[in-house]
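Student: Okay, so the sequence shown: first residue is 1 according to the UniProt record's numbering, each after it adds one.
Backbone N, C-alpha and C define an ideal beta-carbon position, used for all residues, glycine too.
Computed from a prediction, not measured in an experiment: that's the story for all the values here.
For reference, the structure I am asking about is given below.
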Amino acid sequence: MSDHHTRGLTLEDVQQIIGRGILDEAFRKEFIDNPEGVVNRLGISLDQDGEARKLLAAIGNVFSDESDLKSAMQDIKKAYEDTSDGVIRPRCA
């Protein structure tokens, strides 16, 4: 469990997770195995945003090659929009 302040998932977090997952194989494998654990260590709480779990699952499907890129982009965008007001922008807690 994180001992620092936690916050909700933002667009910047999604960008960081995807970018790091592309470049860092160990991070990608760990994310596939335990996405909630990874985001908890980043200081992100999913307690207030259950829809964010769908977003993490969509990202994990890309990392594990269970989804083609075009389908994954649609899934990720839909899941992100479901967690927000539909406007693509960073969100503050």
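1) Would S64 pass as an interface residue toward chain B - the criterion being a Cβ-Cβ separation below 8 Å?
2) If you measure between the beta carbons of F63 and R28, is that distance less than 8 Å?
3) What does the Cβ neighbour count give for I17, buried or exposed, with the cut at 16 atoms within 10 Å?
4) List the residues that DSSP assigns as beta-bridge partners of I44.
5) With the cut-off set at 8 Å, would you say A58 and A72 are in Cβ contact?
Tutor: Let's see:
1) Chain labels in this structure do not include chain B; a single protein chain is all it has.
2) Locating residue 63 in the sequence shown gives position 63, counting from the first residue. Locating residue 28 in the sequence shown gives position 28, counting from the first residue. It is a contact, given that the beta carbons lie within the stated cut-off.
3) Against the sequence shown, residue 17 aligns to sequence position 17. I17 comes out buried.
4) Stepping through the sequence shown from its first residue, residue 44 is reached at position 44. Paired residue(s): R7.
5) Residue numbering aside, residue 58 sits at position 58 when the sequence shown is read from its first letter. Residue numbering aside, residue 72 sits at position 72 when the sequence shown is read from its first letter. Contact: yes.
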